[in-house]
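This is the structure in structure tokens:
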């Protein structure tokens, strides 16, 4: 297809990688008619130590630039509609979506962030409670502040959907609570909700269902304006009929 509504979908980690294994998020996007780009930006694993180390201390910088370069390619190839692009991600991918919301708001229509890092300094403090090291691969000083969404709220320029599980033990829920409060005080366009008993991987059926319903409304009905090729209910039902245990649907 040409000039499709497009999702830039960076993986979490960030020291991980996208593979060709089943991903319910991607299946949701393509079932709805979106083009999807899953870039393995610098810092991703599986391409050698040099490539992975190139992401150290590049949160929001060259790692983010790789995402924007991928978007530019999608537009230049005529695949992406430049007026209907959203960045969506979880964990580090959610952090990247938030960075896009204040660093490149002219390129993106909206951002969806699930369980994101919002405060790099707090991430460092919480990790040091459990990891005996002072050498975490993130920036310090001014560079840390410039790439920490909680400290750049006034620059947010696009609507944000922010979601977090209340018992997340990987990225604590206070990361999103603090950002939601700051966005509210700044008068920004956002929606935040917490998931009861939710953790970092959407393992509970009711939380998966809630998240996809909320994202469906946010992306399709509000911001990207795409006609539904398949209803959310039918999408989830198809997965069930194929015995995929990642999602379910009940009337």
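Numbering (the working numbering), first residue to last: 187 to 437.
All residues carry an ideal CB built from backbone N, CA and C; glycine is no exception.
So, is residue i buried or exposed, given that buried needs 16 or more other C-beta atoms within 10 angstroms?
i, result
"residue 269", "exposed"
"residue 288", "buried"
"residue 485", "This structure does not reach residue 485, given that the chain is present from 187 up to 437, and the question cannot be answered."
"residue 282", "buried"
"residue 205", "exposed"
"residue 388", "buried"
"residue 207", "exposed"
"residue 311", "exposed"
"residue 316", "Unreliable positioning characterises residue 316 in this predicted model, as indicated by a pLDDT of 48, which lies under 50. The coordinate reading is nonetheless provided below. Label assigned to residue 316: exposed."
"residue 230", "buried"
"residue 448", "Any question about residue 448 goes unanswered here, given that the chain covers just 187 to 437."
"residue 224", "buried"
"residue 347", "buried"
"residue 429", "Below a pLDDT of 50, predicted positions are generally treated as unreliable, and residue 429, at 29, falls in that range; the measurement from the model is reported next regardless. Its Cβ having fewer than 16 others within 10 Å, residue 429 is exposed."
"residue 232", "exposed"
Helix, strand or coil, according to DSSP, for residue i in the structure here?
i, result
"residue 285", "helix"
"residue 201", "coil"
"residue 406", "helix"
"residue 269", "strand"
"residue 414", "No answer about residue 414 holds up, because its pLDDT of 46 lies below 50 and its placement is not dependable."
"residue 243", "coil"
"residue 191", "strand"
"residue 380", "strand"
"residue 300", "strand"
"residue 216", "helix"
"residue 279", "helix"
"residue 356", "coil"
"residue 343", "coil"
"residue 324", "coil"
"residue 388", "coil"
How about residue i and residue j: are their beta carbons less than 9 Å apart?
i, j, result
"residue 278", "residue 303", "yes"
"residue 400", "residue 324", "no"
"residue 380", "residue 357", "no"
"residue 256", "residue 201", "no"
"residue 334", "residue 372", "no"
"residue 344", "residue 258", "no"
"residue 305", "residue 262", "no"
"residue 189", "residue 254", "no"
"residue 405", "residue 272", "yes"
"residue 154", "residue 301", "What the structure shows of the chain is the stretch from 187 to 437, and residue 154 is not part of that stretch, so it cannot be assessed."
On the premise that residue j lies in contact with residue i, defined as a C-beta separation below 8 Å, what is that separation, rounded to the nearest angstrom?
i, j, result
"residue 293", "residue 410", "Contact flag wrong, Cβ pair sits at about 14 Å."
"residue 221", "residue 249", "No, residue 221 and residue 249 are not in contact; Cβ-Cβ is about 22 Å, not under 8 Å."
"residue 513", "residue 275", "Outside the shown range of the chain (187 to 437) lies residue 513, about which nothing can therefore be said."
"residue 369", "residue 342", "7 Å"
Segment contact flag, the segment 239 to 255 with the segment 209 to 220, C-beta cutoff 8 Å, min 3 pairs: With a cut-off of 8 Å, the segment 209 to 220 and the segment 239 to 255 do not count as touching, because too few Cβ pairs lie within range.
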